[in-house]
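So the sequence shown is residues 306 to 636, counted in the working numbering.
Glycine included, every Cβ here is placed at the ideal spot set by N, Cα and C.
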Amino acid sequence: MIVPVKNESKGIMSLLNELSTQTRQPDEIVIADGGSTDDTENLIREWSETSSIPVTLVVEAGALPGRNRNLAVQAARSEWIAAIDAGIHPPEEWLESLVQAAEAHPNARVVFGRYAPVIESRFSEYAAMTYVGPSDVDRRSIATCLIEKGVWGEVGGCPEHLRASEDLLFFKRLDRHQIPIAYSLGTPVRWELQPSFLKTFCRFAVYSRHGMRAGLFHDWQYRVTLQYVLLLGFIMAGFLWTGWFWGIAAVMVVARSLRRIAVWHHSSSRFQQVRAMLNPFRVCGIAAINIVIDLAMFVGMGQWLVRDAGSESRKTPSASLKSSRSCRVSD
306 MIVPVKNESK GIMSLLNELS TQTRQPDEIV IADGGSTDDT ENLIREWSET SSIPVTLVVE
366 AGALPGRNRN LAVQAARSEW IAAIDAGIHP PEEWLESLVQ AAEAHPNARV VFGRYAPVIE
426 SRFSEYAAMT YVGPSDVDRR SIATCLIEKG VWGEVGGCPE HLRASEDLLF FKRLDRHQIP
486 IAYSLGTPVR WELQPSFLKT FCRFAVYSRH GMRAGLFHDW QYRVTLQYVL LLGFIMAGFL
546 WTGWFWGIAA VMVVARSLRR IAVWHHSSSR FQQVRAMLNP FRVCGIAAIN IVIDLAMFVG
606 MGQWLVRDAG SESRKTPSAS LKSSRSCRVS D
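Written out as structure tokens, the structure reads:
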């Protein structure tokens with residue numbers, strides 16, 4: 306099992322304790338630390354002293370998520386590797402359900418688990434509807450999966466130069482190499498969302514900048530940019546001709562919220578869907594989060610344009626030759 310971390314002192318103990326209570330115990334836990342400046346490394350060492358699960362800690366200052374994942378896979382001794390991130394809360398049967406899915410699909414070389422948001426407030430509820438979606442739909446996440454170790458080398462691992470979007474490029478490599486994939490129907494892991502507008506903005510600005518660096522403009526930014534060109538066109542038309550165009554612009558904004566509510570409640574009855582859509586606070590809350598994410602997207606695009614557009618935008622994983630230190634902190 307691999308866990309990439311950096312400055313995760315607030316949540317690493319919770320994750321390790323949850324991994325230690327799995328109904329199917331991992332053979333080992335390999336943690337790759339990208340140079341934490343908080344107490345993460347010490348907490349891992351302390352936990353490993355009393356753990357019955359062997360723990361390997363790999364530390365490389367400045368390593369980004371893709372590099373951390375590659376280092377962890379290199380240090381792992383198992384043929385199959387489960388991957389999870391800090392900030393994720395796995396149920397006790399998480400690992401067992403991934404293994405069962407792999408056994409049920411013997412041709413699969415990658416098994417993806419399900420994930421669901423931790424909903425603790427109205428904000429997190431609306432955020433979940435805005436950018437997470439329902440947990441009963443098959444989706445890919447590198448933070449809940451089981452991968453045959455040979456696949457990692459076969460597809461070239463994760464890109465190492467990105468702060469975000471390295472997982473999306475990894476998935477594209479799986480598709481390019483036609484790696485057989487299966488999905489687990491087990492209980493989803495729980496994913497902690499950003500708790501405020503500001504933190505949501507900052508996180509999505511990072512996603513946007515590195516999505517541009519990854520060459521994924523057409524996967525996200527292109528579509529949203531076209532929507533805003535159309536939206537601004539209607540707003541300008543309202544000034545130049547008639548205010549009816551402002552109404553069309555408002556309908557566009559509301560329609561995005563309604564679509565997300567409908568997707569979230571896709572397995573509910575039609576009555577429940579309509580009832581959810583008629584909640585004005587929910588519609589406005591989702592619209593507000595949508596707009597914050599869109600603004601963050603444009604800021605990220607601007608950061609890419611200023612900082613990255615003129616430099617080399619793609620590197621291979623093997624391009625990183627930083628030194629790292631690895632130690633097996635328990636056996």
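- For asparagine 312, same chain residues with a beta-carbon under 8 angstroms away, outside a window of 5 residues either side, are Ser341, Thr342, Asp343, Thr345 in chain order.
- With respect to methionine 602, valine 529 sits close: the two C-beta atoms are nearer than 9 angstroms.
- In the DSSP assignment, leucine 320 falls outside any beta strand (DSSP E) and lies within the alpha helix (DSSP H) extending over 317-325.
- Spanning the alpha carbons of arginine 382 and lysine 454 requires a straight line of approximately 9 angstroms.
- Of the candidates Phe475, Gly458, Glu459, Phe475 places its Cα closest to the Cα of histidine 466.
- Proximity of the region 436-455 to the region 407-416 meets the contact definition, three or more beta-carbon pairs being nearer than 8 angstroms.
- An exposed status is given to asparagine 584, since fewer than 16 other beta-carbon atoms sit within 10 Å of its beta-carbon.
- Note that the C-beta distance between isoleucine 349 and leucine 321 is below 9 angstroms.
- CA-CA distance, glycine 438 to threonine 361, rounds to 34 angstroms.
- The DSSP assignment places 334-338, 360-364 as complete runs of the beta strand (DSSP E) inside the region 313-377, in order along the chain (cut-off: 3 residues).
- If you draw a straight line from the Cα of threonine 505 to the Cα of isoleucine 540, it comes to about 27 angstroms.
- Counting of Cβ neighbours within 10 angstroms places tryptophan 385 among the buried residues, the total reaching 16 or more.
- For isoleucine 386, the enclosing beta strand (DSSP E) stretches over residues 385-389.
- Comparing alpha carbon positions, the residue from Ser356, Ile334, Ala407, Ile598 closest to tryptophan 525 is Ile598.
- Residue range 585-612 is occupied by the alpha helix (DSSP H) that includes tryptophan 609.
- Between phenylalanine 502 and isoleucine 594, the CB-CB gap stays under 9 angstroms.
- Counting only unbroken stretches of 3 or more residues, the beta strand (DSSP E) elements lying wholly within the region 485-549 are 486-488, 494-496, in sequence order.
- By the Cβ criterion, the region 397-410 is not in contact with the region 552-571, since fewer than three pairs of Cβ atoms, one from each stretch, lie closer than 8 angstroms.
- With fewer than three CB-CB distances shorter than 8 angstroms, the region 421-429 does not count as touching the region 551-562.
- For leucine 563, the closest C-alpha among the options Tyr431, Gly605, Glu398 is that of Tyr431.
- DSSP places glutamate 453 outside any alpha helix (DSSP H); the residue lies instead in the beta strand (DSSP E), whose first and last residues are 449-453.
- Remark: C-beta atoms of valine 494 and proline 396 approach each other more closely than 9 angstroms.
- Under the three-state reduction of DSSP output, alanine 421 falls in the strand class.
- Under the 10 Å beta carbon count, arginine 518 is surrounded by 16 or more other beta carbons and is classified as buried.
- For leucine 490, same chain residues with a beta-carbon under 8 angstroms away, outside a window of 5 residues either side, are Ser402, Ala406, Arg419 in chain order.
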